[in-house]
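First up is the structure itself, then whatever we jot down about it.
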Amino acid sequence: MTIITFTLAFRLLVFPLNVSLVRNARRLYNIQPQIDHYSRLMRVPEALDGGTASPSAVAAAAPPAPPAPAATAEAEAREGESFEEVAASRVRAASSLMALFKEQKCHPLKNVLSPLLFAPMFLTIFAAVHRLSDPHPSAATAGGVELATQQHPGITTEGMLWFSDLTASDPTFMLPVVSAITWLITIELGLQGVPAWATTSAWRQIVRLIPLFFMPITFPLSSGVFLYWLTSNAVAIARTILLRSAAVRKFFRVPDLAKTLP
10 MTIITFTLAF RLLVFPLNVS LVRNARRLYN IQPQIDHYSR LMRVPEALDG
60 GTASPSAVAA AAPPAPPAPA ATAEAEAREG ESFEEVAASR VRAASSLMAL
110 FKEQKCHPLK NVLSPLLFAP MFLTIFAAVH RLSDPHPSAA TAGGVELATQ
160 QHPGITTEGM LWFSDLTASD PTFMLPVVSA ITWLITIELG LQGVPAWATT
210 SAWRQIVRLI PLFFMPITFP LSSGVFLYWL TSNAVAIART ILLRSAAVRK
260 FFRVPDLAKT LP
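Counting in our numbering, the sequence shown runs from 10 upward without gaps.
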């Protein structure tokens with residue numbers, strides 16, 4: 010049970026960070042109209058006439074819905090401004106956007122950079138589990154299993170059900186299939202929390218195909234690796250379902266998603 014215990018401990022350790030990312034993503038979603046508006050104000054006008062922004066460029070930058078009063082004043086003031094004045098207006102819009110992020114305690118870079126933090130951790134754990142359950146290049150051979158037993162006593166008997174030997178590959182291929190299914194479930198649960206306008210249908214289909222693509226590649230891996238994946242996926246599924254509870258979200262200060270964006 011070493012692999013299961015270690016995986017649960019690690020998942021529990023990073024749980025606050027996972028919640029923080031969910032909180033950040035929801036706050037960003039709820040202020041998306043303001044983000045879009047300030048982004049339009051920061052865009053360089055496509056047409057400049059004699060050093061001044063053309064009315065058509067100003068109209069293109071104007072939001073379709075009434076924005077915040079301060080932002081409306083900035084948009085109206087851009088018509089007929091010089092290039093320097095337009096640049097200054099864009100700087101003010103950028104400052105307003107940063108102030109909005111600070112006020113709402115969120116930032117897009119937090120979720121964008123999170124894979125750079127998580128990827129090394131998960132790769133390190135995967136390598137450690139792989140080394141633990143498959144410490145020899147040919148662990149499937151008698152010599153490899155003997156070496157595994159010597160370095161990690163009990164590794165050949167700590168499994169369960171039909172995969173008691175964690176150094177061996179699953180001859181039934183059930184572990185790769187179940188791992189792919191649980192991975193797909195985590196993806197589906199994650200996609201349910203992503204608004205339709207934020208992605209394309211093609212992108213969603215490609216993401217769903219990732220587990221199916223990797224499944225045959227993982228067939229030779231040891232049962233210990235799949236035990237780690239199954240445990241990790243199960244915790245991820247439980248975490249996602251848990252955060253769907255209004256009481257849990259309130260406890261962790263995770264805001265509800267705006268039902269309709271203004």
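Using N, Cα and C, we set each Cβ at its ideal position, and we do this for glycine too.
Item	Value
Residue 178 (DSSP reduced to helix, strand or coil)	strand
Residue 95 burial status per 10 Å Cβ neighbour count (16 or more: buried)	buried
Local Cβ density within 10 Å of residue 231, reported as buried at 16 or more and exposed below that	buried
Coarse secondary structure for residue 228, derived from DSSP in three states	coil
Cβ-Cβ distance between residue 181 and residue 242 below 8 Å	no
Under 8 Å between C-beta atoms of residue 252 and residue 258	yes
For residue 172, the three-state DSSP class (helix, strand or coil)	strand
Reference residue 224, options 179, 131, 113, 116, closest by Cα	179
Distance between residue 102 and residue 238 (C-alpha atoms, nearest Å)	45 Å
Presumed contact (8 Å Cβ cut-off) between residue 5 and residue 217, rounded CB distance	Residue 5 lies beyond the range of the chain shown here (10 to 271); nothing can be said about it.
Best match in 214, 261, 233 for proximity to residue 14 [C-alpha to C-alpha]	233
Secondary structure of residue 129, DSSP reduced to three states	helix
Straight-line gap, residue 176 to residue 228 (C-alpha atoms, nearest Å)	13 Å
Beta-carbon separation (whole angstroms), residue 106 vs residue 44, contact threshold 8 Å	7 Å
Where the alpha helix (DSSP H) through residue 52 begins and ends	It is not in any alpha helix (DSSP H) - residue 52 carries neither H nor E in the DSSP assignment.
Residue 173 classed as buried or exposed, judged by whether at least 16 other C-beta atoms fall within 10 angstroms	exposed
Proximity of residue 249 and residue 200 at Cβ, strictly below 8 Å	no
Candidates 12, 126, 211: closest to residue 27 by CA position	126
Other residues of its chain near residue 255: CB distance less than 8 Å, five sequence neighbours each side excluded	265
Boundaries of the alpha helix (DSSP H) in which residue 22 is found, first to last residue	11–39
Where the alpha helix (DSSP H) containing residue 211 begins and where it ends	210–223
Alpha carbon of residue 59 to alpha carbon of residue 262, nearest angstrom	Residue placement at residue 59 is poorly supported in this model, since its pLDDT is 40, which falls under 50; the coordinates still yield a value, given next. Whole-angstrom Cα-Cα distance: 51 Å.
Assigned exposure category for residue 209 - 16 Cβ within 10 Å defines buried	exposed
CB of residue 20 within 8 Å of CB of residue 244, strictly	yes
Among 41, 140, 185, 23, nearest to residue 116 - alpha-carbon criterion	41
Length of the line joining the Cα atoms of residue 169 and residue 132	25 Å
Residue 187 to residue 120 span [Cα, whole Å]	29 Å
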